[in-house]
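So in this note's numbering, the last spot in the first sequence is 710, and the numbers never skip. Backbone N, C-alpha and C fix where the C-beta goes; we use that ideal spot for every residue, glycine too. Bear in mind that the values here come from a model prediction, so they are computed numbers and not experimental data. For reference, the structure discussed in these notes is given below.
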Amino acid sequence: MPELPEVETTRRGIAPHIKGQRVSEVIIRQPKLRWPVPLELVDDLPGKVVQSVERRAKYLLIGFEQGTLIIHLGMSGSLRIVQADQEEGKHDHVDLVLQNGIALRLTDPRRFGAVLWQPKGVEHELLSHLGPEPLSEAFDDQVLVTAAKGRKTAIKQLIMDNKVVVGVGNIYANEALFLSGIHPKRAAGRISEQRLCRLAENIRIVLSRAIQQGGTTLKDFVGGDGKPGYFKQELNVYGRTGECCVNCGSILKEIRLGQRSTVFCPDCQR
DNA sequence: CTAAGGACCTGTCGGC
DNA sequence: TGCCGACAGGTCCTTA
441 MPELPEVETT RRGIAPHIKG QRVSEVIIRQ PKLRWPVPLE LVDDLPGKVV
491 QSVERRAKYL LIGFEQGTLI IHLGMSGSLR IVQADQEEGK HDHVDLVLQN
541 GIALRLTDPR RFGAVLWQPK GVEHELLSHL GPEPLSEAFD DQVLVTAAKG
591 RKTAIKQLIM DNKVVVGVGN IYANEALFLS GIHPKRAAGR ISEQRLCRLA
641 ENIRIVLSRA IQQGGTTLKD FVGGDGKPGY FKQELNVYGR TGECCVNCGS
691 ILKEIRLGQR STVFCPDCQR
């Protein structure tokens with residue numbers, strides 16, 4: 441589930457519940473995630489106070505005076521606020537129990553997610569080579585132009601490369617390319633500056649609109665009733681293979697690009 | 001340096 | 001109904 445908009449929605453949802461709270465207990469039921477969950481957290485985290493809840497790319501950063509708890513939701517992860525005594529489900533791997541009686545609970549069936557600890561002072565290796573945030577000023581029009589120069593890579597793979605720009609997942613890569621009228625397979629180096637700028641703009645638009653959508657279901661999400669419904673938004677191409685293009689009516693096609701499903705309009709996207 | 005593919009996991013769905 | 005393969009919103013790591 442988690443693309444950048446959902447991670448941001450999660451961040452906004454959990455922040456008010458955990459910020460300023462002291463950790464009373466850490467429960468690790470399943471340490472085998474993408475990387476082993478550091479078991480020292482069980483002994484070391486209790487007593488510490490959550491100072492900040494931030495996001496970098498799709499990583500959630502829970503800041504303490506002594507360091508940062510890094511959480512990634514992988515492909516199937518979600519974080520929810522629950523009552524600390526709520527019975528755990530099959531894939532509820534980690535609980536951060538807080539002194540106010542609630543717990544931040546990580547659920548992740550596929551276990552591609554991660555929970556890591558980074559002591560204060562040094563940036564974590566995973567975060568140190570990331571490109572600019574797509575919704576920050578650092579993602580200006582030059583970013584794609586520079587990154588695309590001389591590259592033969594398919595443009596879709598370029599915008600999904602975290603070293604170029606972070607947070608553009610499969611769904612929104614497809615959508616942004618559709619809005620820009622660019623064929624996903626087009627060599628990045630063979631796209632005009634003007635079109636690359638349009639693509640950058642559409643990445644911003646698509647992501648911020650999705651965050652707004654996530655925001656509408658924020659309440660339900662935090663209440664523990666379910667997941668954010670942002671993806672109910674109108675997707676133009678993703679998941680619509682074989683259906684009609686909303687622009688021209690042609691049949692949307694699906695191909696594989698770097699093992700990922702890629703949907704586009706063969707007539708609108710060149 | 002770039003590019004391509006495998007790896008990590010479980011759950012679900014479509015076809016036979 | 002049951003089994004099997006393909007596929008799913010991510011991304012690091014190895015290999016060429």
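Asked                                                                                                                 : Found
N- and C-terminal bounds of the alpha helix (DSSP H) containing H457                                                  : L444 to I458
Whole-angstrom C-beta distance between R545 and D535, which should lie under 8 Å                                      : 5 Å
From R644, N610 and R649, residue whose alpha carbon lies closest to that of L697                                     : N610
Beta carbon of E528 nearer than 9 Å to that of R469                                                                   : yes
Nearest-angstrom Cα separation, counted from V646 out to L617                                                         : 10 Å
N- and C-terminal bounds of the alpha helix (DSSP H) containing A543                                                  : From DSSP, A543 is part of no alpha helix (DSSP H) but of the beta strand (DSSP E) over I542 to T547.
Expected contact under 8 Å - CB spacing of V583 and P572 to nearest Å                                                 : 6 Å
Start-to-end residues for the beta strand (DSSP E) that takes in S492                                                 : S492 to R496
Spatially closest choice to H531 from P471, E443 and G507, by CA coordinates                                          : P471
Straight-line Cα distance separating P445 from A613                                                                   : 13 Å
Sub-9 Å separation of A554 and I510 beta-carbons                                                                      : yes
G514, DSSP secondary structure in three states                                                                        : coil
Same chain, Cβ closer than 7 Å to Q523, five either side skipped, listed in chain order                               : G541 and I542
Cβ contact check for the region 589–597 and the region 674–681: 3 or more pairs under 8 Å                             : no
Residues bridged to A640 [DSSP beta-bridge criterion]                                                                 : In the DSSP output, where bridge partners are listed per residue, A640 has none listed.
Which of helix, strand or coil DSSP assigns to V482                                                                   : helix
For G553, the three-state DSSP class (helix, strand or coil)                                                          : coil
Residues of its chain near T702, where Cβ-Cβ distance is below 7 Å and the 5 sequence neighbours each way are ignored : K596, N614, P624, E694, I695 and R696
Near the ligand MN: T586 beta-carbon under 8 Å from a heavy atom                                                      : Absence of the ligand MN is noted for the structure shown, with no ligands found whatsoever.
Pairwise C-alpha distance: A628 and T449                                                                              : 31 Å
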